[in-house]
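Structure first, then comments.
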Amino acid sequence: MATLLIIHFATTWALCGLILTIQFVHYPLFEKVGVEGFPLYHQLHLKFITWIVAPLMLTEVFTAGVMVILGERRPLFLVSLAGLAIVWISTAISQVPIHDRLAQGYDVHYIRKLVRTNGWRTFGWIFRGVCLAGLLGSILSER
0 MATLLIIHFA TTWALCGLIL TIQFVHYPLF EKVGVEGFPL YHQLHLKFIT WIVAPLMLTE
60 VFTAGVMVIL GERRPLFLVS LAGLAIVWIS TAISQVPIHD RLAQGYDVHY IRKLVRTNGW
120 RTFGWIFRGV CLAGLLGSIL SER
């Protein structure tokens, strides 16, 4: 289980770094692209970011599921699953529909809504990362 936890921890922290970049750099820059360039820019964003985000998110949820199946019940791990739920629910009910709307063209209202609602995913991943760091730290201090 130790190797699985390390893979899970590393994946979550990779997603933390990625979501912070998206939240504070990439999404806010959507407003600066302009009306004409936005459709292609947004289309390419979705195409390229999916190759990074999807494997990481799937690895994270898969390793979490395997850890639960294998009996991981430490409180920090279980609490971290709330952050995972926040990330997936926010992605499904906010980010995907907003990106679908933005695929129709530049709309500053929806760009700002994307940044605002993506805050939930940012919180969810940072929360998870902190929980998992605490968990890993407590396991290492026991040795």
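Straight run, no breaks: the sequence shown in numbering that gives the first Met the number 0 ends on number 142.
Virtual Cβ for every residue (Gly too), placed ideally from N, Cα, C.
Please read all numbers here as calculations on a predicted model, not as lab measurements.
- Counted as a single uninterrupted DSSP element, the alpha helix (DSSP H) harbouring residue 115 occupies residues 107–141.
- Considering only 84, 17 and 75, the residue with the shortest C-alpha distance to residue 55 is 17.
- Secondary structure remark: continuous beta strand (DSSP E) runs of at least 3 residues inside the region 45–114: none found.
- DSSP places residue 34 outside both helix and strand once states are collapsed to three, so it counts as coil.
- Per DSSP, residue 25 lies in no alpha helix (DSSP H) segment and is marked neither H nor E.
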